[in-house]
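Residue numbers (the working numbering): 1 to 433.
Take a look at the structure set out below.
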């Protein structure tokens with residue numbers, strides 16, 4: 001029985017060793033992050049001129065499209081007006097103020113009133129505009145709100161939009177009512193300090209995007225910009241409210257145009273073409289001088305890759321060459337944003353200097369930056385060592401299985417025979433069959 005058990009054990013260990021060796025040998029080679037200088041071929045001056053023309057084929061989930069109200073239809077039979085008490089989105093320091101929004105479907109009019117959140121008493125004058133309102137947006141300090149409406153103008157047979165800035169402290173409207181012909185609003189957002197805002201609109205006749213920049217202190221429009229493509233994610237502001245970064249999908253998602261808007265004038269500071277499509281909004285550094293845009297590049301042969309592009313928001317152009325990482329990846333900022341951490345789906349990480357878009361080689365690290373053996377074998381060095389480790393592992397396992405283990409298993413039997421020979425253990429009686 002001892003011989004049979006030893007043979008089974010030897011075979012089991014040997015098979016396990018072979019399986020482990022083969023598993024090590026088939027680990028894939030993942031390239032390190034590479035800088036792509038081709039995207040930097042156009043000059044900054046050409047980027048400032050505007051975006052490239054695009055064939056707008058919407059192939060991906062559009063999170064902002066749901067925010068774009070459909071053109072208001074002509075009302076049918078008269079119905080009662082609808083009044084909504086709405087708290088505009090955004091943190092509210094002035095939290096005792098709400099908006100009462102009443103829509104009259106007969107006249108296709110919306111009335112907006114600032115009210116006391118506790119008593120519902122009106123504060124200031126009521127503002128009445130054409131069309132039905134989307135969800136209001138409130139500044140971070142709660143002092144201002146932005147209302148956009150959409151309606152059909154029978155005189156021009158076009159869809160039109162209206163934007164109104166509301167004073168959430170004193171009530172009433174700030175400045176004039178802003179109108180946009182042949183356009184429907186998509187999104188609106190305030191600068192961090194609430195003194196500026198941008199409204200993105202979809203131009204019905206040209207299928208372009210119109211970006212209107214507003215001075216919310218006076219309720220006036222400071223400028224507009226026309227962009228090609230479609231914004232799948234919301235605009236992102238820098239910290240001082242002087243720049244807005246908008247990513248637009250072009251060519252059916254094969255290319256993303258990154259537009260940097262000067263929020264003080266409404267002009268386009270620069271437009272940068274980036275390969276791939278953006279699933280997430282850009283990440284802004286704490287000082288607002290850099291924006292990191294992450295795009296995914298699909299490849300039916302080699303699989304997806306991730307491109308990280310660092311934008312100089314002041315210049316409206318690239319800060320170094322775009323970086324490409326294998327597979328999908330997540331990007332996060334460390335500290336004040338001078339360094340970004342890129343983590344791939346295989347567990348490899350790279351540190352990116354956002355000032356010049358310089359990246360370290362992909363490293364097999366685990367949070368908080370301990371060594372990751374599995375990720376190590378996905379690096380070029382790990383892949384190069386894998387065949388040698390397979391040979392060493394296989395030979396070592398074979399020696400262990402066929403020489404070391406039998407000797408170890410034979411030692412107890414040798415000791416037992418010696419003890420029986422010395423009379424310290426009784427002899428085993430023979431069985432007669």
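The C-beta atom is built at its ideal place from N, Cα and C for all residues, glycine as well.
This structure is a prediction, so every number in the text was calculated from the model and none was measured.
Start and end of the beta strand (DSSP E) containing residue i?
{"i": "residue 310", "result": "305-312"}
{"i": "residue 232", "result": "Element bounds for residue 232: n/a, residue is neither H nor E."}
{"i": "residue 197", "result": "196-203"}
{"i": "residue 213", "result": "208-215"}
{"i": "residue 158", "result": "158-167"}
{"i": "residue 96", "result": "No beta strand (DSSP E) contains residue 96, which DSSP labels as neither H nor E."}
{"i": "residue 292", "result": "290-297"}
With a CB to CB cut of under 6 Å and the five nearest residues on each side skipped, what residues in its chain are close to residue i?
{"i": "residue 344", "result": "325, 327 and 329"}
{"i": "residue 122", "result": "113 and 115"}
{"i": "residue 229", "result": "54, 248, 249, 250 and 257"}
{"i": "residue 133", "result": "101, 110, 147 and 149"}
{"i": "residue 197", "result": "146, 190, 214 and 216"}
{"i": "residue 334", "result": "341"}
Do you know how far the Cα of residue j is from the Cα of residue i?
{"i": "residue 321", "j": "residue 110", "result": "49 Å"}
{"i": "residue 258", "j": "residue 300", "result": "25 Å"}
{"i": "residue 350", "j": "residue 166", "result": "46 Å"}
{"i": "residue 101", "j": "residue 268", "result": "34 Å"}
{"i": "residue 204", "j": "residue 336", "result": "41 Å"}
{"i": "residue 492", "j": "residue 207", "result": "Residue 492 lies beyond the range of the chain shown here (1 to 433); nothing can be said about it."}
{"i": "residue 202", "j": "residue 363", "result": "44 Å"}
{"i": "residue 117", "j": "residue 193", "result": "23 Å"}
{"i": "residue 252", "j": "residue 263", "result": "28 Å"}
{"i": "residue 323", "j": "residue 359", "result": "8 Å"}
{"i": "residue 270", "j": "residue 340", "result": "23 Å"}
{"i": "residue 274", "j": "residue 104", "result": "45 Å"}
{"i": "residue 97", "j": "residue 120", "result": "9 Å"}
{"i": "residue 200", "j": "residue 137", "result": "13 Å"}
{"i": "residue 127", "j": "residue 242", "result": "29 Å"}
{"i": "residue 306", "j": "residue 282", "result": "14 Å"}
{"i": "residue 316", "j": "residue 239", "result": "16 Å"}
{"i": "residue 245", "j": "residue 272", "result": "11 Å"}
{"i": "residue 139", "j": "residue 173", "result": "15 Å"}
{"i": "residue 153", "j": "residue 181", "result": "9 Å"}
{"i": "residue 211", "j": "residue 227", "result": "8 Å"}
{"i": "residue 237", "j": "residue 125", "result": "31 Å"}
{"i": "residue 188", "j": "residue 175", "result": "17 Å"}
{"i": "residue 156", "j": "residue 218", "result": "29 Å"}
{"i": "residue 158", "j": "residue 209", "result": "17 Å"}
{"i": "residue 195", "j": "residue 99", "result": "19 Å"}
{"i": "residue 280", "j": "residue 171", "result": "36 Å"}
{"i": "residue 235", "j": "residue 186", "result": "11 Å"}
Reducing DSSP to helix, strand and coil, say where residue i ends up.
{"i": "residue 333", "result": "strand"}
{"i": "residue 270", "result": "strand"}
{"i": "residue 146", "result": "strand"}
{"i": "residue 348", "result": "coil"}
{"i": "residue 251", "result": "helix"}
{"i": "residue 326", "result": "strand"}
{"i": "residue 181", "result": "strand"}
{"i": "residue 111", "result": "strand"}
{"i": "residue 223", "result": "strand"}
{"i": "residue 138", "result": "strand"}
{"i": "residue 153", "result": "strand"}
{"i": "residue 321", "result": "coil"}
{"i": "residue 121", "result": "coil"}
{"i": "residue 285", "result": "coil"}
{"i": "residue 262", "result": "strand"}
{"i": "residue 362", "result": "coil"}
{"i": "residue 191", "result": "coil"}
{"i": "residue 126", "result": "strand"}
{"i": "residue 339", "result": "strand"}
{"i": "residue 102", "result": "strand"}
{"i": "residue 353", "result": "strand"}
{"i": "residue 240", "result": "coil"}
{"i": "residue 315", "result": "coil"}
{"i": "residue 279", "result": "coil"}
{"i": "residue 170", "result": "coil"}
Ordered along the chain, which non-local residues of its own chain (more than five positions away) have a Cβ less than 8 Å from that of residue i?
{"i": "residue 265", "result": "213, 222 and 223"}
{"i": "residue 338", "result": "285, 353, 354 and 355"}
{"i": "residue 312", "result": "289, 290, 318 and 319"}
{"i": "residue 160", "result": "130, 131, 150, 151, 152, 153, 179, 180, 181, 182 and 183"}
For residue i, I'd like the list of residues in its chain whose CB is within less than 7 Å of its CB, leaving aside the five on either flank, ordered along the chain.
{"i": "residue 131", "result": "72, 108, 110, 149, 150, 151 and 162"}
{"i": "residue 277", "result": "60, 249, 253, 256, 295 and 296"}
{"i": "residue 177", "result": "129, 162 and 164"}
{"i": "residue 304", "result": "296, 297, 298, 327 and 328"}
{"i": "residue 357", "result": "310, 319, 320, 321 and 323"}
{"i": "residue 225", "result": "211, 261, 266, 267 and 268"}
Taking 7 Å as the line, does the beta carbon of residue i fall inside it for any heavy atom of the ligand MN?
{"i": "residue 345", "result": "Because no ligand of any kind appears in the structure shown, any question about the ligand MN cannot be addressed here."}
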